[in-house]
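Trainee:
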Amino acid sequence: MFTGIVQGIATVEEVSAAPGLSSFRIRFPESCVDGAVVGASVAINGTCLTVTRADGNSLYFDAMQETLRLTTLSELKPGDQVNFERAARIGDEIGGHLLSGHIHTTAIIADKIQSENNVTLWFEVDPEWIRYIFPKGFIAINGASLTVGEVTDNRFNVHLIPETLRATTFGTASKGGRVNIEIDSQTQAIVDTLARMGFQPSAQTP
1 MFTGIVQGIA TVEEVSAAPG LSSFRIRFPE SCVDGAVVGA SVAINGTCLT VTRADGNSLY
61 FDAMQETLRL TTLSELKPGD QVNFERAARI GDEIGGHLLS GHIHTTAIIA DKIQSENNVT
121 LWFEVDPEWI RYIFPKGFIA INGASLTVGE VTDNRFNVHL IPETLRATTF GTASKGGRVN
181 IEIDSQTQAI VDTLARMGFQ PSAQTP
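Quick note on numbering: the numbering used here labels position 24 of the sequence shown as 24, and the sequence is numbered without any gaps.
Right, dumping it as structure tokens:
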């Protein structure tokens with residue numbers, strides 16, 4: 001499990017592709033991989049991956065075909081930067097919301113609005129997923145736990161403070177980029193339960 005509090009930015013050093021599988025070597029900031037062993041879980045842009053090898057500040061991961069299909073990992077290349085979070089431990093502070101690291105879908109950055117003290121990012125998601133996204137609700141974008149701002153049709157936005165921009169890759173995000181989305185599991189369960197009972201809540205209803 002993860003908390004959605006991104007612990008830093010790592011850099012992709014190498015990508016090796018094989019049929020149905022891609023392997024990644026990712027370099028982490030100093031001391032951020034202390035205690036990381038083979039079999040440990042790390043969220044890379046929100047995707048839970050298993051450490052297959054450790055070498056200094058670099059960790060190795062494999063991603064299977066289904067993971068590559070559902071996420072943006074297939075687009076990664078050497079030099080790209082990614083958000084990371086190591087798995088939560090019992091007793092850790094839950095500053096965001098509980099995440100599984102299992103990506104539901106991806107979204108496109110439809111717009112980036114820079115204001116004096118924050119940045120607003122608008123995302124466009126497949127219509128089938130917008131029913132789980134509500135104003136003031138939780139959502140994980142590239143592994144970061146964020147609060148939804150507005151929801152309109154199949155678009156929603158989030159407002160990012162300077163600290164979030166500094167600590168994540170959102171500071172360099174640009175219009176047209178693609179991101180990983182993990183829907184809040186509790187919201188999904190409630191919406192699906194209501195749907196089975198014949199109710200169809202609107203994503204535009206706070």
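The C-beta atom is built at its ideal place from N, Cα and C for all residues, glycine as well.
Rounded to a whole number of angstroms, what is the C-alpha to C-alpha distance between E13 and T105?
Mentor: 25 Å
Trainee: Rounded to the nearest angstrom, what separates R53 and A17 at their Cα positions?
Mentor: Approximately 17 Å, taken between the alpha carbons.
Trainee: Could you pull out every residue in the same chain whose Cβ sits closer than 8 Å to the Cβ of V158, ignoring the five residues on either side in sequence?
Mentor: T120, L121, F123, I139, I141, L146, T147, V148 and G149
Trainee: Quick check for students: name the residue ranges of the alpha helix (DSSP H) that lie wholly in the segment 144-169, counting only runs of 4 or more.
Mentor: 162-167
Trainee: For the putative contact between G143 and N57, defined by C-beta atoms under 8 Å, what is the C-beta separation to the nearest angstrom?
Mentor: About 19 Å separates the two Cβ atoms, so there is no contact after all.
Trainee: Since E48 sits in a beta bridge, which residues does DSSP pair it with?
Mentor: The sequence as given places Cys at residue 48; Glu does not occur at that position. According to DSSP, which records beta bridges pairwise, C48 is partnered with A43.
Trainee: By the DSSP assignment, the alpha helix (DSSP H) with D192 in it spans what residues?
Mentor: S185 to R196
Trainee: Taking Cβ positions, are T3 and L76 nearer each other than 8 Å?
Mentor: The Cβ-Cβ distance between T3 and L76 does not fall below 8 Å.
Trainee: Which residues does DSSP pair with W122 in a beta bridge?
Mentor: D111 and N157
Trainee: Closest by CA to L59, which one among T67, S74 and T50?
Mentor: T50
Trainee: When DSSP labels each residue in this structure, what does L98 get in the three-state scheme?
Mentor: coil
Trainee: Taking the straight line between their C-alpha atoms, what separation do you get for C32 and Q81?
Mentor: 15 Å
Trainee: Would DSSP call E75 helix, strand or coil?
Mentor: helix
Trainee: Please report how far the alpha carbon of Y132 lies from the alpha carbon of I109, in whole angstroms.
Mentor: 18 Å
Trainee: Please report whether the beta-carbon of T106 lies at a distance below 8 Å from any beta-carbon of chain C.
Mentor: Structure shown: chain C not included; a single protein chain is present.
Trainee: So, for T172: in the same chain, excluding its five sequence neighbours on each side, which residues have a beta-carbon less than 8 Å away from its beta-carbon?
Mentor: Q81
Trainee: Excluding the 5 residues preceding and the 5 following V179 in the sequence, name in chain order all residues of the same chain whose CB lies nearer than 6 Å to its CB.
Mentor: These residues qualify, in order along the chain: A107, I141 and N142.
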